[in-house]
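Written below as structure tokens is the structure these notes are about.
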Amino acid sequence: MRKSLTFLLVLLLAASLSAQIRTGNIYGKVVDTDGNPLPGVTVTLTGSKTAPLTSITSAEGNFRFISLPPANDYALKAELEG
Numbered sequence: 003m004r005k006s007l008t009f010l011l012v013l014l015l016a017a018s019l020s021a022q023i024r025t026g027n028i029y030g031k032v033v034d035t036d037g038n039p040l041p042g043v044t045v046t047l048t049g050s051k052t053a054p055l056t057s058i059t060s061a062e063g064n065f066r067f068i069s070l071p072p073a074n075d076y077a078l079k080a081e082l083e084g
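Numbering-wise, the sequence shown is residues 3 to 84 according to this note's numbering.
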């Protein structure tokens, strides 16, 4: 009985691991032509498997999008008013 239970638990664990969705992250930095970071830039990410997402760059010009579904057609657009 004990071996059967252990085997069943191993099978359940394997099934749950294969059912997990893999996700990815996109990190970046927006800089000007001199390489200086640009804070406050609106970065928009579009893709076929997700609604458009936006991020505002930090004081260091950094942005990030996390837990994204797998896709091969993401596009980024950066906009700064002024």
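Beta carbons are placed, not taken as given, at the ideal position from N, Cα and C, and that holds for glycine.
Look at residue i and residue j and say whether their C-beta atoms are less than 8 angstroms apart.
i: Val45; j: Val32; result: yes
i: Thr59; j: Pro41; result: yes
i: Gly49; j: Asp75; result: yes
Taking the C-alpha atoms as reference points, what is the distance between residue i and residue j?
i: Glu81; j: Ser69; result: 23 angstroms
i: Ser51; j: Glu83; result: One detail in the question is off: residue 51 reads as Lys in this sequence, not Ser. Whole-angstrom Cα-Cα distance: 28 angstroms.
i: Lys79; j: Arg24; result: 25 angstroms
i: Phe67; j: Ala77; result: 12 angstroms
i: Thr35; j: Leu55; result: 25 angstroms
i: Ser57; j: Leu47; result: 8 angstroms
i: Pro39; j: Ile28; result: 18 angstroms
i: Lys5; j: Gly26; result: Confidence at Lys5 is low in this model, with a pLDDT of 46, below 50, so its placement is unreliable and the value that follows should be read with caution. For Lys5 and Gly26, the distance between alpha carbons rounds to 38 angstroms.
On a Cα-Cα basis, can you pick out the residue from the options that is closest to residue i?
i: Glu62; options: Gly49, Gly30, Arg24 and Thr25; result: Gly30
i: Asn64; options: Asn27, Val43 and Gly26; result: Val43
For the beta strand (DSSP E) holding residue i, just list the boundary residues, first then last.
i: Lys31; result: Gly26 to Lys31
i: Pro54; result: Thr52 to Ile58
i: Leu45; result: Checking the sequence shown, residue 45 turns out to be Val, not Leu. Here the beta strand (DSSP E) through Val45 covers Thr44 to Gly49.
i: Ala77; result: Ala77 to Glu81
i: Leu40; result: Element bounds for Leu40: n/a, residue is neither H nor E.
i: Asn64; result: Asn64 to Leu70
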